[in-house]
Amino acid sequence: MPKFEKGNPGKPKGAKNKSTQLMRDRIQSLFDDNFEKIQEDLESLEAKDRLKFLTDLIPYLMPKLQSTTHSQSIDLDSMTELELDILINRIVNE
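So for the sequence shown, the numbering used here puts the first residue at 10; every next one is plus one.
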């Protein structure tokens, strides 16, 4: 394994871990190949157990959505009186 050197960017942002992707693919394949049997088993469960099974399984089948935040700084000191009034009206009316 090569030694880490200063300036090496490392793993690119958003790159997938190969073993994690392989495991997800296997779980997906297992689910696809046994869908009818899984469906039958699900129908035999009580509603709360069926819901628990599905909520436990979904993270392995679908990617998690990332929460997003929006932040914007406003320099109030550089705004004119008219711009401040417009901003205040937008905040109050929205």
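Ideal Cβ placement from N, Cα and C applies to all residues, glycine included.
Endpoints, the alpha helix (DSSP H) within which residue i is located
i	result
Met88	Where Met88 is concerned, there is no enclosing alpha helix (DSSP H), given that its DSSP letter is neither H nor E.
Ser53	44 to 53
Ala56	56 to 70
Cβ pair residue i, residue j closer than 7 angstroms
i	j	result
Tyr69	Ile36	yes
Leu51	Arg59	yes
Chain-order list of residues whose beta-carbon lies under 6 angstroms from that of residue i (same chain, five-residue window excluded)
i	result
Lys61	none
Pro72	none
Lys15	none
Neighbourhood of residue i by C-beta, 8 angstroms cutoff - its chain only, sequence neighbours within 5 removed
i	result
Leu93	Leu85
Own chain, CB closer than 7 angstroms to residue i, minus 5 neighbours either side, in chain order
i	result
Arg33	Tyr69
Thr64	none
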